[in-house]
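Notes for the one structure printed next.
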């Protein structure tokens, strides 16, 4: 009996710690949606886990010395009850998961085009195990390698593709994850809510350089973002003018 009490106290203590623990603040709307879904599923899973474990511990302790076990008798009320309860839980989990997974800030968007004034970035994984970022619309001409700047509190659209084989864009802190397929463009969106630098990875094995296929995502204020884009556009224009001058000299 003492062991049973210790086990129950341990289970309840662990449950309370999980409920009281403060999750890491989400850095984007995508991450917030995913975090909220996890919390809702944990709230549902914990009581079920405690109920099942409690019944298991009770049965083990009560019948551990039973030398003449009897088969359980049919109980239709119990069977109907747990069937209905299971159906309700599955419906809740399915609806909650669909509600999040169908959100364009979590899963790939349909064929809808991003707004003309939106921040749109084409992301391509190449055969040299690098990530290339090409900005569109207002900032067309800005190109970066293994580094991306996006503005805080503004929706960003990422058009993900690959050169010749599969890759996977994953920015855990921003809740962004999308497969990069050759010849196919998948569009995902997110709205960053916290400034900072966030590590991005390729999370689909793509060959010898897979482990080094990393990039940095810098979330900056709108003012800093505009300044960075203007500097990049100026540099791109200087390079273009230099190339044209060299071509004329030849």
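Numbering (UniProt numbering), first residue to last: 1 to 250.
By construction, the Cβ of each residue, glycine as well, lies at the ideal position given by its N, Cα and C atoms.
Say whether the segment 156–169 touches the segment 185–193, bearing in mind that this needs 3 or more beta-carbon pairs closer than 8 Å, one atom from each stretch.
Contact holds between the segment 156–169 and the segment 185–193, because three or more Cβ pairs, one in each stretch, are under 8 Å apart.
Residues that DSSP places opposite residue 189 in a beta bridge
157
Any contact between the segment 166–177 and the segment 195–209? By contact I mean 3 or more CB pairs, one from each, below 8 Å.
yes
Bridge partner(s) assigned by DSSP for residue 26:
Secondary-structure assignment with DSSP links residue 26 through no beta bridge to anything.
Rounded C-alpha distance that separates residue 78 from residue 34
When only Cα atoms are considered, residue 78 and residue 34 end up about 35 Å apart.
What span of residues does the beta strand (DSSP E) with residue 214 cover, start to end?
214–220
Three-way DSSP call (helix, strand, coil) for residue 130 in this model:
coil
Compare the beta carbon distance of residue 121 and residue 134 with 9 Å and say whether it is the shorter of the two.
yes
Among all the DSSP beta bridges, which residues are the ones paired with residue 125?
Answer is 131, 162, bridged to residue 125.
Can you check DSSP and say which residues form a bridge with residue 145?
132
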